[in-house]
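Sequence lines, in order, name chains D and F. The first sequence begins at 5 in the numbering used here and counts up by one. The second sequence begins at 933 in the numbering used here and counts up by one. Below is one structure, written out as structure tokens; the observations come after it.
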Amino acid sequence: MSSSATMIIPATERNLKNSRGFLGTIRDSFTMAYRGLLKFRHTPEQFFDVVLQPILFVPMFTYIFGGAIAGNTKAYLPIIIPGILAQTIITASLVTGTMLREDMDKGVFNRFKSLPMARIAPLAGALMADTVRYVIATTITFAMGYLLGYRPGAGLKDVLAAGLLVIFFAWCLSWIFAFLGMIAKSASGVQGISLLILFPLTFLSNAFVPIKTLPHWLQGFVKANPVSHLITAVRQLTTYGTIGHDFWFSIGGALIIVAVFAPLTVQVYMRKANS
Amino acid sequence: MKQPKRSGLAVEAQDLVKVFGDNRAVDGVNLSVPTGMIYGVLGPNGAGKTTVINMLATLLKPDDGTAKIFGHDVQKESQIVRQLIGVTGQYASVDEVLSATENLIIFSRLLGLSGPQASKKAKDLLEEFGLTEAAKRPISKFSGGMRRRLDLAVSLIAQPPLIFLDEPTTGLDPRTRTQMWNTIRKLVDSGSTILLTTQYLDEADQLADRIAVIDKGKVVAEGTPSELKSSVGTATLLLKLASTNDAHKALGIVQDVLKVRSQQVDANKVSAPMSNPEGVTDVLVALRGAGIHLSGVSVQEPTLDEVFFALTGNSVTKDGTDNDEEGETE
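Listed below in structure tokens is the structure:
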């Protein structure tokens, strides 16, 4: 080694603390989020789902269902864009769980465990970095709608607010998938269970068709589905610029998800990180 | 042997136990590693070496026993212990998709360095380990030797006084192995204490100031390499038999006469540790009495391999460079 002149400071002469502290935890979480962003930059194929899904689904659903449900495609756009937005963003939050699991199975996680860093930082950082995926999904969905002639009735400010609502919702929802990522045996296992949750949640909602057209026994579930409330809230915001009870209901639902799954996830995660 | 620069123990483990299901992977291990030396933990695959390291490095909770790193308990003061150690595992524990520089910067940040400090540290370490040209390449494009070097570089960011090296040269070619040995020696010169595991006897012999031989989760012998060698005999007697049919009989005679464990090393070869050269005469007389003819006799200096055989009844060098995963965490 060239710098053999620098001697190691002996253990007894070091200033040591047995806790990382609050600021240290925040710092480590941001470092881990930065790591997540770097990984995105090196593997842009991770963005395929959030980029391609809206590009493919917006025209597909618009042209297939537009005439049947709203009379013409242009009239259908204000209904379908919020629907696809919700669907895309939930798919994106699902991937969080799979990627987290893949990450935890790699040797680098042992390294993280051996460092004097905040134990929670890898989890917090991963969830933070993933908001980038939600922002991309939201932007591309709105942009695709715009290309097809979607002109939201409300102003840009309300569209932005709707986008933020959806991103917030996705972030809250990602805790469910992060939890599944913790308890599943493998990454493919996470994906399997997650898809089983994803499909009923998105298709059994008001995303694509009006609730009135559904059989009675199904309407109950669809009306209670928080995704329906999210979609209604986005429709109201983007079309009329109003915030109704659906807005608060979806925020409340999202917060309940976090309240339930964040402690569970953290508990399982910490147990794994400390084992 | 190098003189320890400071008194005190870097590692102090007492009755460490780790059980995986029915398997007592580590079964009451005691270790005392003085500050400032290279300490070797030698054992075959599955002996429990990695599990011991993982417990000492706070990666795995012991089921029983205690371990202290520079006097700090690995369980109660784990965050302090983590500030004093660097760990380099059998498998490169760096981020595959990131570049070498990015890896070093992220780990430096996590170890408390500021942005500019982290960049400088990354640059210095890459230079030190001859990785500057590969700095921007993703690790997935690195060779095995380059990965090990980067892995070790990451462990040295905080200049920890204690470094764990888990089979640092397994799978490396001889030239890269020698380079790694030199790096390890220089680390000790700069004041580090090193605990390394290995399944290579020559590696333990070359590098370690003291060695603990571990088998089936237990320490079966401990001492300096020369102490271990002299504990099983000052030399080895090698008998070449004229007929392979006599091998079994010869084995018995040698054991009876020398009162040690002897070993059949080939179809027509028998070896035994020998503390007193005079014993050769007795063996030869006994063999002649039994009508066993020899085609050759030689006396060799003992190797650690024989030490290992004498202690455990197993050969370490039997299998090649491959590792199993001894008791990985789930």
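Glycine included, C-beta positions come from ideal geometry on N, C-alpha and C.
Residues of chain D whose Cβ lies closer than 8 angstroms to the Cβ of F:Phe1002 are, in chain order, Ala15, Thr16. Interface flag for D:Pro120 against chain F is set, since a Cβ pair is found closer than 8 angstroms.
At least 8 angstroms separates the CB of D:Arg155 from every CB of chain F. With a threshold of 8 angstroms between beta carbons, D:Met274 makes no contact with chain F. Distance check between F:Val958 and each of F:Leu974, F:Asp1098, F:Glu1210, F:Asp996 places F:Asp996 closest, using alpha-carbon atoms only.
With respect to the 8 angstroms criterion, F:Ala1050 and F:Leu1058 are not classified as neighbours on the basis of their beta carbons.
Between the alpha carbons of D:Ala228 and F:Phe1096 lies a distance of about 55 angstroms.
For F:Ser1025, a Cβ of chain D is located within less than 8 angstroms of the residue's own Cβ.
As summarised for the segment 1111-1148 of chain F, the continuous beta strand (DSSP E) elements at least 3 residues long and confined to that stretch are 1125-1130, 1142-1147, given in chain order. In this structure, D:Ala90 sits near D:Val231, with a CB-CB distance shorter than 8 angstroms.
Taking 9 angstroms as the cut-off between beta carbons, the residues of the segment 981-1000 of chain F near chain D are Asn986, Ala989, Thr990, Leu991, Leu992, Lys993, in sequence order. For D:Gly157, the three-state secondary structure derived from DSSP is coil.
Residue burial annotation: D:Gly40 is buried, with at least 16 other C-beta atoms found within 10 angstroms of its C-beta. Close partners of F:Ile1126 in chain D (Cβ separation under 7 angstroms) are lacking, with about 11 angstroms as the shortest Cβ gap.
Put simply, the CB of F:Ser1122 is near chain D, with a gap under 8 angstroms to one of its CB atoms. Between the alpha carbons of D:Lys78 and D:Tyr138 lies a gap of roughly 26 angstroms. Short of 7 angstroms from the beta carbon of F:Thr1244, and not among the five residues preceding or following it, lie these beta carbons of its own chain, in chain order: Asp1147, Val1152.
At a cut-off of 8 angstroms between beta-carbon atoms, F:Arg1117 makes no contact with chain D. Rounded to the nearest whole angstrom, the CA to CA distance from F:Thr1176 to F:Leu1016 is 56 angstroms.
At a Cβ-Cβ threshold of 8 angstroms, F:Ile970 and F:Val1120 count as neighbours. Within the segment 155-238 of chain D, the alpha helix (DSSP H) runs of at least 4 residues that lie entirely inside it are, in chain order, 160-187, 191-207, 220-228. D:Leu177 and D:Ala258 do touch by the CB rule: their CB atoms are close to 7 angstroms apart, below 8 angstroms. For D:Gly111, the nearest beta carbon of chain F is closer than 8 angstroms to its own beta carbon. Residue nearest to D:Ile93 within the set D:Asp109, D:Ile144, D:Lys43 is D:Ile144 (criterion: CA-CA distance). The distance from the Cβ of F:Gln1011 to that of F:Lys993 is about 15 angstroms, inconsistent with a contact at the 8 angstroms cut-off. Contact check between the segment 1131-1146 of chain F and the segment 21-32 of chain D: fewer than three CB pairs, one atom from each, fall below 8 angstroms, which does not count as touching.
At a cut-off of 8 angstroms between beta carbons, F:Gly1103 makes no contact with chain D.
With a threshold of 8 angstroms between beta carbons, F:Gln1015 makes contact with chain D.
At a C-beta separation below 9 angstroms, D:Arg105 has no neighbours in chain F, since its nearest C-beta there lies roughly 12 angstroms away. In terms of beta-carbon proximity, D:Ile12 lines the interface with chain F, with at least one pair separated by less than 8 angstroms. By the rule that beta-carbons nearer than 8 angstroms mark a contact, F:Ile1185 does not touch chain D. Burial check for D:Val99: the Cβ neighbour count within 10 Å reaches 16 or more, so the residue is buried.
Per DSSP, the unbroken alpha helix (DSSP H) holding D:Val99 starts and ends at 77-108. Between D:His220 and chain F, the shortest Cβ-Cβ separation is not below 8 angstroms.
At a cut-off of 8 angstroms between C-beta atoms, D:Thr102 does not count as an interface residue with respect to chain F. The alpha-carbon separation between D:Glu17 and D:Pro48 amounts to approximately 46 angstroms.
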